[in-house]
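Asks:
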Amino acid sequence: KLDPGLIMEQVKVQIAVANAQELLQRMTDKCFRKCIGKPGGALDNSEQVRTGGRSGDPRVCSLGLPLRLCVPQKCIAMCMDRYMDSWNTVSRAYNSRLQRERANM
Numbered sequence: 001k002l003d004p005g006l007i008m009e010q011v012k013v014q015i016a017v018a019n020a021q022e023l024l025q026r027m028t029d030k031c032f033r034k035c036i037g038k039p040g041g042a043l044d045n046s047e048q049v050r051t052g053g054r055s056g057d058p059r060v061c062s063l064g065l066p067l068r069l070c071v072p073q074k075c076i077a078m079c080m081d082r083y084m085d086s087w088n089t090v091s092r093a094y095n096s097r098l099q100r101e102r103a104n105m
């Protein structure tokens, strides 16, 4: 006989894996678009990064940092760090709100 608790745990694990895969895909897509101006054969210092940022200033990259900090590897790493920090902040706020609403039921 199938254990309903075990089935629920397996479903939760599958949902968590799917969410992690979606997060990684979105983060990769977003950071690649922000950091890579003209893709070439390798992500090295000669690769061009997107410039301008929100201000349109050509001395900064798409993350708003000085160009010297925006070689593709650094840009992508910093973008992913920021994305994960933002994701974690939103997740904590969402979970906190869920807990408060459950307590008020």
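Its first residue numbered 1, the sequence shown is counted upward by one per residue in full-length UniProt numbering.
C-beta: ideal position from N, C-alpha, C; glycine also.
Please read all numbers here as calculations on a predicted model, not as lab measurements.
#1: Out of curiosity, what's the CA-to-CA distance linking Glu9 and Asn19?
#2: Is it buried or exposed for Lys12, if we count other Cβ within 10 angstroms and need 16 for buried?
#3: Output needed for Gly5: all residues of its chain with C-beta closer than 8 Å, excluding positions within five of it in sequence on either side, in chain order.
#4: To the nearest angstrom, how far is the alpha carbon of Val90 from that of Leu2?
#5: Compare the beta carbon distance of Pro66 and Cys35 with 8 Å and say whether it is the shorter of the two.
Replies: On the basis of the coordinates in this document:
#1: Distance from the CA of Glu9 to the CA of Asn19, rounded to the nearest whole angstrom, comes to 15 Å.
#2: So Lys12 ends up on the exposed side.
#3: Nothing meets the Cβ criterion.
#4: Distance between the alpha carbons of Val90 and Leu2 is about 36 Å.
#5: Not closer than 8 Å, so no.
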